[in-house]
Amino acid sequence: MNIFGPKELMEDVILAGRCTGCGACVDICPYFGSHMGKTAMLFPCTIARGRCFASCPRAEVDLDLLSEKTFGAPYAEVPVGSHRKIFVSRSGARIGNANYQAGGTVSALLSFVLEKGIIDAAVLVDRQEGLPRPRRITEPQEVLSCASSSFAAVPVISELNRAVRDGYRRIGTVATPCQAVAAALIRINPLNEDEFINPLSFIIGLFCTWALDLRSMTALFSGRGLDLRSVIRCDVPPPPAEKFEIVTGGGKHDIPLQEVRDLTSPACAWCPDMTSEFADVSVGMLEGSAGKNILIIRTPFGEEIAEKAREERYIVLDEIPPEQLRNLERAAAAKKRRALLKLKKEGLLNTAGKGKRACFRLRPEILEKLIG
Ligand SMILES: Cc1cc2nc3c(=O)[nH]c(=O)nc-3n(C[C@H](O)[C@H](O)[C@H](O)COP(=O)(O)OP(=O)(O)OC[C@H]3O[C@@H](n4cnc5c(N)ncnc54)[C@H](O)[C@@H]3O)c2cc1C
Numbered sequence: 422m423n424i425f426g427p428k429e430l431m432e433d434v435i436l437a438g439r440c441t442g443c444g445a446c447v448d449i450c451p452y453f454g455s456h457m458g459k460t461a462m463l464f465p466c467t468i469a470r471g472r473c474f475a476s477c478p479r480a481e482v483d484l485d486l487l488s489e490k491t492f493g494a495p496y497a498e499v500p501v502g503s504h505r506k507i508f509v510s511r512s513g514a515r516i517g518n519a520n521y522q523a524g525g526t527v528s529a530l531l532s533f534v535l536e537k538g539i540i541d542a543a544v545l546v547d548r549q550e551g552l553p554r555p556r557r558i559t560e561p562q563e564v565l566s567c568a569s570s571s572f573a574a575v576p577v578i579s580e581l582n583r584a585v586r587d588g589y590r591r592i593g594t595v596a597t598p599c600q601a602v603a604a605a606l607i608r609i610n611p612l613n614e615d616e617f618i619n620p621l622s623f624i625i626g627l628f629c630t631w632a633l634d635l636r637s638m639t640a641l642f643s644g645r646g647l648d649l650r651s652v653i654r655c656d657v658p659p660p661p662a663e664k665f666e667i668v669t670g671g672g673k674h675d676i677p678l679q680e681v682r683d684l685t686s687p688a689c690a691w692c693p694d695m696t697s698e699f700a701d702v703s704v705g706m707l708e709g710s711a712g713k714n715i716l717i718i719r720t721p722f723g724e725e726i727a728e729k730a731r732e733e734r735y736i737v738l739d740e741i742p743p744e745q746l747r748n749l750e751r752a753a754a755a756k757k758r759r760a761l762l763k764l765k766k767e768g769l770l771n772t773a774g775k776g777k778r779a780c781f782r783l784r785p786e787i788l789e790k791l792i793g
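Pasting the structure below:
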């Protein structure tokens with residue numbers, strides 16, 4: 422893997438507008454900070470190779486190497502990424518009701534791994550004063566208070582870095598696709614550090630087509646006279662609804678979806694991943710079924726957790742209807758193609774030549790199949 426330092430991270434990612442605000446470079450050292458979704462270098466640092474660059478999901482990510490180390494095979498032309506099984510899922514009888522975004526599968530799996538002591542801390546997203554913020558929890562009963570989606574880019578990985586610094590070594594995290602890449606990069610010890618211990622026991626990825634820039638989201642809400650602190654949940658109903666639903670203490674508010682898409686973090690345009698391909702398991706919504714999820718099982722460990730959680734009635738699994746699977750594959754392939762074409766046009770794939778750096782690297786024959 423080509424690994425550089427903070428200077429190259431600034432040039433290739435932060436100043437180039439490709440930073441997703443995942444927080445991977447924050448809280449590993451004093452040099453990078455994050456505020457309202459914006460990442461910045463606070464003090465100069467001149468090291469040639471750094472963990473900040475090595476764990477960035479937009480800097481020299483070698484998809485084949487990451488895939489080899491995560492799944493034992495190079496990156497393939499599979500729209501939803503490497504996987505073992507795909508189910509329709511929801512939370513089971515062992516889990517109470519909460520403000521779940523869909524079926525509550527994410528909260529149920531997190532409750533399971535915390536209750537069984539498989540992880541000793543989890544990094545989730547909660548709202549503080551209405552603003553989505555990463556939150557570290559250690560007690561299973563805290564999981565449900567973080568249920569539901571904040572459709573904004575949140576620096577989740579910075580809290581993961583803080584948890585590692587505080588001595589946690591069996592951490593679980595919920596992650597959007599860019600955050601899942603960062604977490605997977607942390608896991609593979611890209612700098613080959615001798616004292617390295619993999620701190621990530623369980624990564625639950627979320628499906629994600631776009632995330633709102635936090636500052637734009639705040640402006641959107643306040644422009645409509647909505648107090649962020651009164652937001653109970655947000656939702657993107659399936660097509661042809663074309664609206665963004667916001668439920669507050671005062672009622673329901675619809676915003677045309679295009680207006681919201683225009684406020685998407687610009688970094689999302691370079692993202693080829695809709696289903697968090699580098700997680701242990703990935704969870705999204707089942708189109709047209711409000712109380713259900715799609716669950717993609719990727720690693721053997723993810724499969725073991727899902728099976729045990731099913732046996733102990735934390736989750737319920739059903740077969741996925743073929744039509745729903747086709748829809749998922751179509752949507753994932755479309756996002757991948759769109760981003761890869763943009764990356765290729767801008768010279769950010771497999772970039773060659775002295776001093777030239779890439780955003781992603783993957784085998785050219787696979788790239789051609791994905792964009793063909
Ligand atoms: C930015 C974003 C975009 C999404 N886009 C899509 C999409 O295009 N298609 C689709 O099918 N699904 C999408 N999802 C996923 C979907 O909204 C649900 O999170 C998923 O289906 C899990 O549902 P659940 O009922 O199991 O979740 P719950 O049990 O309610 O748990 C949700 C978990 O997500 C965490 N979370 C909330 N906001 C964030 C955030 N911003 N970043 C990281 N973690 C967070 C919470 O801490 C909680 O643990 C998106 C989610 C996010 C955050």
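Under my numbering, residues 422 to 793 are what the sequence shown spells out, in order.
Each residue gets a CB set at the ideal place from its N, CA and C atoms; glycine is no exception.
Exposed or buried, what is Glu-481 when buried is set at 16 or more other beta-carbons lying within 10 Å of its beta-carbon? Glu-481 comes out buried.
Limits of the alpha helix (DSSP H) - the one that Leu-606 falls within: Note, Leu-606: alpha helix (DSSP H), 598 to 608.
Nearest residue (CA-CA) to Tyr-496, options Leu-484, Leu-641, Val-585 and Lys-506: Of Leu-484, Leu-641, Val-585 and Lys-506, the residue nearest in Cα terms is Leu-484.
C-alpha gap between Lys-790 and Gly-438, whole angstroms: Going by the C-alpha atoms only, they are around 28 Å apart.
Can you give, in chain order, each stretch of the beta strand (DSSP E) that sits fully within the stretch 551 to 628 and has at least 3 residues? Correct list: 552 to 558, 592 to 596 and 621 to 627.
Beta-carbon proximity check, Pro-598 vs Val-577, cutoff 8 Å: No, the Cβ-Cβ distance between Pro-598 and Val-577 is not below 8 Å.
With contact counted as at least three CB pairs below 8 Å, one residue from each stretch, are the stretch 585 to 601 and the stretch 696 to 710 in contact? Yes: the two stretches touch, three or more of their Cβ pairs being nearer than 8 Å.
Check the C-beta distance from Tyr-589 over to Pro-620 and give it rounded, since I have them as a contact under 8 Å. About 7 Å; that satisfies the 8 Å criterion.
Could you pull the start and end residues of the beta strand (DSSP E) that Glu-740 belongs to? Segment 736 to 740, the beta strand (DSSP E) holding Glu-740.
Flag Thr-597 as yes when its Cβ comes closer than 7 Å to any non-hydrogen atom of ligand 1, and as no otherwise. Answer for Thr-597: yes, Cβ within range of ligand 1.
With DSSP as the reference, label Ala-494 as helix, strand or coil. It is coil, neither helix nor strand.
Is Gly-525 near Arg-511, with beta carbons less than 8 Å apart? Their beta carbons are under 8 Å apart, which means Gly-525 touches Arg-511 by this criterion.
Helix, strand or coil for Gln-549? Go by DSSP, reduced to three states. Strand.
Closer than 7 Å: is that where the CB of Asn-714 sits relative to any heavy atom of ligand 1? Under cutoff, so the answer is yes.
Limits of the unbroken alpha helix (DSSP H) element including Asn-748: 743 to 766 is the span of the alpha helix (DSSP H), which, as asked, contains Asn-748.
Which of the three DSSP states is assigned to Thr-526 in this structure? Three-state DSSP puts Thr-526 in a helix.
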